[in-house]
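> I have a structure here, written as structure tokens, and I will follow up with some questions on it.
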Amino acid sequence: MFKRLFGELGQSIGLLVLRLASGGLMLTHGWSKLSMLFSGNFKFADPLGIGETPSLVLAALAEFVASLFVMAGLGTRIAVIPLWVTMAVAAFIVHADDPLIRKELALMYLTVYTVLFLTGGGRYSLDAYLAARRTAKR
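Numbering (this note's numbering), first residue to last: 7 to 144.
Rendered as structure tokens:
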């Protein structure tokens, strides 16, 4: 039982939990930014010098739409890229001069997205399901 739990099955379940938890929690951040957009409130940081509105749109899309893809395990490695960039900007540009406690959450998400980029979505993902279907059709 331990061998099975701590082997491939455990890793796959762990990746599923990681995807669902990080994606679900990040959705709340994305939803607040989408709400700002829908209400016409475009006041937002402009850390990259592209303007407040484009910065808000990019952050909202990354944090909400990409999180849905991560949760589903669809295009996981690609979906985490905009999230990774958003968290890197938050940690190293927006909070560059702040103490660690202010950038800790962004760094934690950055770590999670790095892991998901390296591992992919795991066995319990749409990526794995679609890959198995493609293989079965051959």
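Quick reminder that beta carbons are idealized off the backbone N, C-alpha and C, glycines included. Note that the structure is a prediction, hence the values are computed from the model and not measured.
1) Just checking, does the segment 67 to 84 make contact with the segment 124 to 136 on the three C-beta pairs under 8 Å criterion?
2) Does the Cβ of residue 140 have 16 or more other Cβ atoms within 10 Å, making it buried, or fewer, making it exposed?
3) To which residues of the same chain is residue 119 closer than 6 Å at the C-beta, ignoring the five residues directly before and after it?
4) Leaving out the 5 sequence neighbours to the left and right, which residues in its chain are closer than 6 Å to residue 113 when beta-carbon positions are compared?
5) If you draw a straight line from the alpha carbon of residue 62 to that of residue 39, how long is it in whole angstroms?
6) Give the secondary structure of residue 55 by DSSP, where H, G and I count as helix, E and B as strand, and everything else as coil.
7) By how many angstroms is the C-alpha of residue 144 removed from the C-alpha of residue 31?
8) List the endpoints of the continuous alpha helix (DSSP H) containing residue 133.
In brief:
1) Contact between the segment 67 to 84 and the segment 124 to 136 is present: three or more C-beta pairs spanning the two stretches fall below 8 Å.
2) Label assigned to residue 140: exposed.
3) Within the same chain, 86, 89 and 90 come within 6 Å of residue 119 by CB-CB distance, once the 5 residues on both sides are set aside.
4) Cβ contact annotation for residue 113 (same chain, cutoff 6 Å, sequence separation greater than five): 97, in chain order.
5) Distance between the alpha carbons of residue 62 and residue 39 is about 7 Å.
6) It is coil, neither helix nor strand.
7) Their backbone Cα atoms lie some 38 Å apart in a straight line.
8) Its alpha helix (DSSP H) spans residues 132 to 143.
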